[in-house]
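In the working numbering, the protein residues as written are 113 to 393.
By construction, the Cβ of each residue, glycine as well, lies at the ideal position given by its N, Cα and C atoms.
Remember, it's a predicted structure, so these values are computed and weren't measured experimentally.
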C-alpha cells in the first residue's frame, strides 16, 4: 500500500498537470487564490508572471475546458489538504504559490501571514514524466496549422459517413456514406472510452496486428521514453476526449496521413480514431 508521502507526490504531479493546462503559456510563477466551499476547495482566481521580456507562446490546441480543469485542480487540492490534516497540517484555503526554476517546480501552501504551511518540490525528471509539458505543447503547436488544412480538405472530399469498418488484415477502413461505401488504407491511432475517460494507444493493444499502427508507434516511440513526451509513450492515461483528438491530430500530420476519422458504434462508449493514409476512393 502506498504511503502518504507517495500519495502526496502523486497528487502534486496531478496538480502540476492541471496547472499546466489552466495557466498561461510561458509562466514562471503562478499564484492561486483558493476558497473553501461546501463541495471542497475551489480556485477562485489565478495570476501569473512570465519569464521576463520573453514573448509567451500561444495556447496549445488541447481542446480542454479550462473551467472544468480548474475544478479538477480544486478537487486535487482538497484531497491533498485532507492528507495533510491527518498529519496535523490543516489548511483551509488561501494562497497557493507555484514557482518554476531551471530544473524544478516548487509548490507552497501559504498561511494568511505569508508563512509556508506546506512545501514540496518536483524535480526535472518528475516534471518530464508528466502528461502536460512545454515539450508536448511545442509539438502540438507545430502541427496545428497543418492539421487544420489537411482535415478541412479531407472532410470536404469525404462528406458525411454513417458507419465504419476496419480490416486488420489489409489495414483498409471502409466508410459508409450517403450514396456509397468508400475505402482507404488507415492506421488505428487509438481508442477513447467515454465511460471511464481512458485513452489507449493502438500500439499498446497486444491483440491488434502490428501493421495497423506501425507508423503511429514510430512517432510515439514508446521504446525511447523521450523526456517531456509521456503523452505519446504512455500506453494509456485518463484525459478529456478533446485532448485525445489533439494527440491524434498531431500524429495524423506526423505520419503523413490525409485526414483523421472518428468512428463510433451507436450505444457503445468506445470511440476509435483512425489516420487515413490516402484520399478515399
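| Item | Value |
| --- | --- |
| Does the distance from the CB of residue 385 to the CB of residue 370 come in under 9 Å? | no |
| For the beta strand (DSSP E) holding residue 230, just list the boundary residues, first then last. | 228 to 235 |
| When the Cα atoms are used, what is the spatial distance from residue 255 to residue 276? | 26 Å |
| Leaving out five residues on either side along the sequence, give the residues of the same chain with a beta carbon under 7 Å from the beta carbon of residue 176. | 133, 352, 354, 355 |
| Beta strand (DSSP E) containing residue 303: first to last residue? | 293 to 305 |
| Is it right to say residue 380 is buried, meaning 16 or more other beta carbons lie within 10 angstroms of its own, or is it exposed? | exposed |
| If you draw a straight line from the C-alpha of residue 212 to the C-alpha of residue 127, how long is it? | 14 Å |
| Do the CB positions of residue 265 and residue 390 come within less than 9 Å of each other? | no |
| In whole angstroms, what separates the C-alpha of residue 208 from that of residue 202? | 14 Å |
| Can you give me the Cβ contacts of residue 191 inside the same chain, cut-off strictly under 7 Å, excluding the 5 residues immediately before and after it? | 123 |
| Looking only at C-alpha atoms, which of 263, 156, 372 sits nearest to residue 182? | 156 |
| When you compare each of 292, 163, 195 to residue 274 by their alpha carbons, which one comes out closest? | 292 |
| With distances taken Cα to Cα, identify the nearest neighbour of residue 246 among 171, 363, 326. | 171 |
| By Cβ distance below 7 Å, which residues in the same chain neighbour residue 167 in space, the five residues on each side in sequence not counted? | none |
| Would you list, in sequence order, the uninterrupted beta strand (DSSP E) runs of no fewer than 3 residues that lie entirely inside the stretch 305 to 368? | 310 to 313, 348 to 350 |
| Give me the DSSP bridge partner(s) of residue 110. | Limits of the chain in this structure are 113 at one end and 393 at the other, which puts residue 110 out of reach. |
| Would you kindly report the start and end of the unbroken alpha helix (DSSP H) that includes residue 264? | 246 to 270 |
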